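Heads up, the thing below is written out as structure tokens.
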Amino acid sequence: MFDQVRRCPFLSLSLVAHATLLGVLYVGAYRVELDRQRIQRSREQPSVEAGKRLMERARLEKRVRDMARIKSRLESGAADKDDDVQFSAQPRTPEELLKEARELSRKIDEIERDARAERLAKLLHIPKQEALEKLAQMRKPEEPAGAQPGKPVDATAKIEQLEAKARDALERRGRQLEQQQDGMRVAASGSRGGGQGGQLGGRRPGPESPGGASMSSVLRVIDAFISSGGRGVGTRANIVAGSHDDVDQSVVRIPEVPAGAMVKGTGRIIGPGGPYASRVYINRWYLIGPFDRRHGDAQLPDAPDPPEQAVVLDAAYRGKDGRLLRWEYVDSASYPLIPPQPAEDAVYYGYTELMMDRERDLTIWVGAHDDAQLWLNDRLVWRGRNVAKARFYREVNDTGNTHGRDYNFSEGKRVVHLRQGRNKLFFKLSNGVGALFFSLVLTK
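Numbered according to our numbering, the sequence shown spans residues 92 to 535.
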């Protein structure tokens with residue numbers, strides 16, 4: 092070999108030169124690719140920063156909306172009242188939101204003060220007005236509504252402070268109702284043991300709030316609001332039949348489609364202008380993803396991505412592998428719905444609005460590969476889990492079934508209440524390994 096090198100020195104030099112050149116070209120190409128990615132990221136960064144600002148504005152809006160919901164729950168008999176569903180096309184400025192938050196805080200203070208006066212009046216056997224005057228004498232000086240001269244107000248921090256104060260008021264209301272309910276149970280027990288003489292004023296106490304609503308239902312609503320951090324869970328305002336608990340973990344199978352003539356349709360309008368159909372596949376969504384997430388064996392990953400905190404259709408975010416993600420409108424011509432850019436160990440989100448000519452109860456048929464959560468008008472109405480779904484997956488993958496034809500890749504169904512006009516739908520879809528889809532079908 093050395094003899095060959097001595098005989099052909101120029102060949103050896105050529106090989107070394109070519110190897111060096113290839114190394115330089117490889118390193119150069121690698122650096123060029125890194126530079127290209129860096130330039131691309133720098134170009135995308137303004138969109139990401141703008142998305143962060145929009146998200147912060149949306150979070151402030153949500154805090155103020157939560158304060159309004161807290162106010163309604165503090166009012167007498169508000170347990171059965173539906174929340175107003177917000178559809179804001181143009182976000183308000185922090186200053187406008189702070190002004191509304193302060194007004195809501197003032198009204199919440201008035202509600203609390205009025206409730207304290209009623210309790211004090213009963214305790215001291217004095218008129219309510221006199222109790223209000225006593226409370227006014229004991230009241231601490233209120234902080235000024237505006238900032239000190241020359242000192243700007245941090246609207247974000249102030250709104251967070253006012254929302255926390257409102258949540259404290261709601262928790263106090265819940266504790267008071269629990270104590271009141273326990274007292275009523277004791278009084279009712281005493282009246283049963285002591286005959287007519289055990290009743291106060293000839294009237295049997297009942298578990299009702301001052302506004303006539305069921306005290307237990309008020310407590311459930313308050314507890315659900317607090318435990319969910321303001322993101323509603325399914326209550327009877329949305330779920331008519333069934334519960335919002337997880338699907339049955341022992342058996343997950345596709346429900347049968349009712350026999351008889353079936354008319355399929357697609358869209359998101361129910362009533363005039365919508366499809367004439369007995370099964371309506373909701374195929375039009377704004378979708379975003381994939382976000383990077385390790386999919387668990389038992390349940391959806393709990394960590395929220397920005398879209399779960401607030402839906403801002405103009406925002407952009409960093410997703411899986413650092414890619415830039417934007418909301419994309421998808422009008423799916425095929426069934427079921429498969430998000431663009433399918434990936435493993437990823438999370439996707441979808442948002443749409445249903446238009447109803449009148450309020451009605453409808454059945455939702457929900458299915459997903461792997462897992463999904465579904466919110467209707469900001470309240471959780473469905474939560475699936477990747478548990479005991481092997482049978483469901485086998486049925487989905489069986490080429491001999493008619494589930495695709497019947498719009499029926501469904502894990503289960505339940506009846507929900509939809510309002511007249513616009514209804515918000517939002518889903519979170521988690522994928523582990525392999526296939527990915529989401530299915531939502533409406534029937535009567």
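We put the beta carbon where it would ideally sit given N, CA and C, even for glycine. For clarity, every value in this text was computed on a predicted model and none was experimentally measured.
For this session: Enumerate, from N- to C-terminal direction, the unbroken beta strand (DSSP E) stretches of 3 or more residues contained entirely within the stretch 417–468.
Result: 419–422, 437–447, 451–460 and 462–467
Exercise. At what residues does the beta strand (DSSP E) containing Ile-375 begin and finish?
Worked result: Looking at the sequence itself, residue 375 is Arg, so the reference to Ile does not match. Where Arg-375 is concerned, the enclosing beta strand (DSSP E) stretches over 375–383.
For this session: Please work out which residues of its chain come closer than 8 Å, Cβ to Cβ, to Asp-452, disregarding the five sequence neighbours upstream and downstream, and give them in chain order.
Result: Val-331, Val-506, Val-507, His-508 and Leu-509
Exercise. Tell me, which residues are paired with Phe-529 by DSSP?
Worked result: Leu-428 and Ala-459
For this session: Check each candidate in Arg-482, Met-146, Glu-269 and Asn-499 and name the one with the smallest Cα separation from Gly-356.
Result: Just measuring C-alpha positions, the residue of Arg-482, Met-146, Glu-269 and Asn-499 sitting nearest Gly-356 is Asn-499.
Exercise. When the distance is taken between beta carbons, is Phe-528 closer than 8 Å to Pro-431?
Worked result: no
Exercise. Does the count of Cβ pairs from the stretch 143–158 and the stretch 399–406 closer than 8 Å reach three?
Worked result: Taking 8 Å as the limit for Cβ pairs, the verdict is that the stretch 399–406 does touch the stretch 143–158.
Problem set entry | Beta-carbon proximity of Ile-199 to Ala-260, cut-off 8 Å | yes
Problem set entry | Contacting residues, own chain, Cβ-Cβ under 7 Å from Lys-256 (five flanking each side not counted) | Ser-196
For this session: Please report the residue range of the alpha helix (DSSP H) in which Tyr-484 lies.
Result: Tyr-484: member of the alpha helix (DSSP H) spanning 481–488, first to last residue.
Problem set entry | Those residues which DSSP pairs with Leu-520 across a bridge | Tyr-439 and Ala-463
Exercise. Is Leu-471 helix, strand or coil when you go by DSSP?
Worked result: strand
Exercise. Looking at C-beta atoms only, is the number of pairs between the stretch 447–461 and the stretch 488–504 that lie closer than 8 Å three or more?
Worked result: yes
Exercise. Which of the three DSSP states, helix, strand or coil, is assigned to Lys-535?
Worked result: coil
Exercise. Where does Ile-130 land, buried or exposed, given buried means 16+ other C-beta within 10 angstroms?
Worked result: exposed
Problem set entry | Beta-carbon separation (whole angstroms), Asp-462 vs Arg-476, contact threshold 8 Å | 6 Å
Problem set entry | At least three beta-carbon pairs within less than 8 Å, the stretch 416–427 to the stretch 151–165 | no
Exercise. Does the Cβ-Cβ distance between Val-373 and Met-446 come in under 8 Å?
Worked result: Note on residue identity: the sequence assigns Ile, not Val, to residue 373. No, they are not a contact pair.
Exercise. How should Val-354 be labelled, buried or exposed, when 16 other C-beta atoms within 10 angstroms of its C-beta is the threshold for buried?
Worked result: exposed
For this session: Tell me, to the nearest whole angstrom, how far the beta carbon of Lys-219 is from that of Glu-209; I am working on the premise that it is less than 8 Å.
Result: 6 Å
Problem set entry | Residue from Pro-185, Glu-166, Val-139 and Asp-383 whose Cα sits closest to the Cα of Asp-245 | Pro-185
Exercise. Should Met-540 be labelled buried (16 or more other beta-carbon atoms within 10 Å of its own) or exposed?
Worked result: Any property of residue 540 remains undetermined from this structure, which presents the chain solely from 92 to 535.
Exercise. Taking just the CA atoms, how far does Lys-249 sit from Ser-163?
Worked result: 21 Å
Problem set entry | Whole-angstrom distance between Glu-254 and Glu-187, CA atom to CA atom | Distance between the alpha carbons of Glu-187 and Glu-254 is about 15 Å.
Exercise. Just the Cα atoms here: how many angstroms apart are Phe-520 and Tyr-367?
Worked result: In the sequence on display, residue 520 carries Leu and not Phe. Taking the straight line joining both Cα atoms gives about 29 Å.
Problem set entry | Straight-line gap, Ala-82 to Leu-416 (C-alpha atoms, nearest Å) | The question about residue 82 has no answer here: the residues shown for the chain are numbered 92 through 535.
Problem set entry | Asp-488 burial status per 10 Å Cβ neighbour count (16 or more: buried) | The amino acid at residue 488 is misidentified as Asp; the sequence shows Asn. With fewer than 16 other Cβ atoms within 10 Å, it is exposed.
Problem set entry | Residues of its chain near Lys-535, where Cβ-Cβ distance is below 8 Å and the 5 sequence neighbours each way are ignored | Ser-369, Leu-453 and Thr-454
For this session: Find out if the Cβ-Cβ distance for the pair Gly-592, Gly-380 is shorter than 8 Å.
Result: Outside the displayed range of the chain (92 to 535) lies residue 592, so it cannot be described from this structure.
For this session: Go to Lys-219, then tell me how far its alpha helix (DSSP H) extends in each direction, as first and last residue.
Result: Counting along the chain, the alpha helix (DSSP H) containing Lys-219 begins and ends at 219–229.
For this session: Look at Leu-165 and Ile-202 and say whether their C-beta atoms are less than 8 Å apart.
Result: The answer is yes: Cβ separation under 8 Å.
Problem set entry | Residues sharing a beta bridge with Lys-213, DSSP | Answer is none; Lys-213 lacks a bridge partner.
Exercise. The alpha helix (DSSP H) spanning Pro-366 covers which residue range?
Worked result: That residue, Pro-366, is in no alpha helix (DSSP H); it is neither H nor E in DSSP.
Exercise. Grouping DSSP H, G and I as helix and E and B as strand, with all else coil, what is Lys-515?
Worked result: strand
For this session: Find the nearest neighbour of Glu-347 within the set Ser-501, Trp-376, Gly-525 and Arg-513, judged by alpha-carbon distance.
Result: Ser-501
For this session: Please work out which residues of its chain come closer than 7 Å, Cβ to Cβ, to Ala-437, disregarding the five sequence neighbours upstream and downstream, and give them in chain order.
Result: Gly-380, Pro-381, Phe-382, Asp-383, Arg-384, Lys-411 and Asn-522
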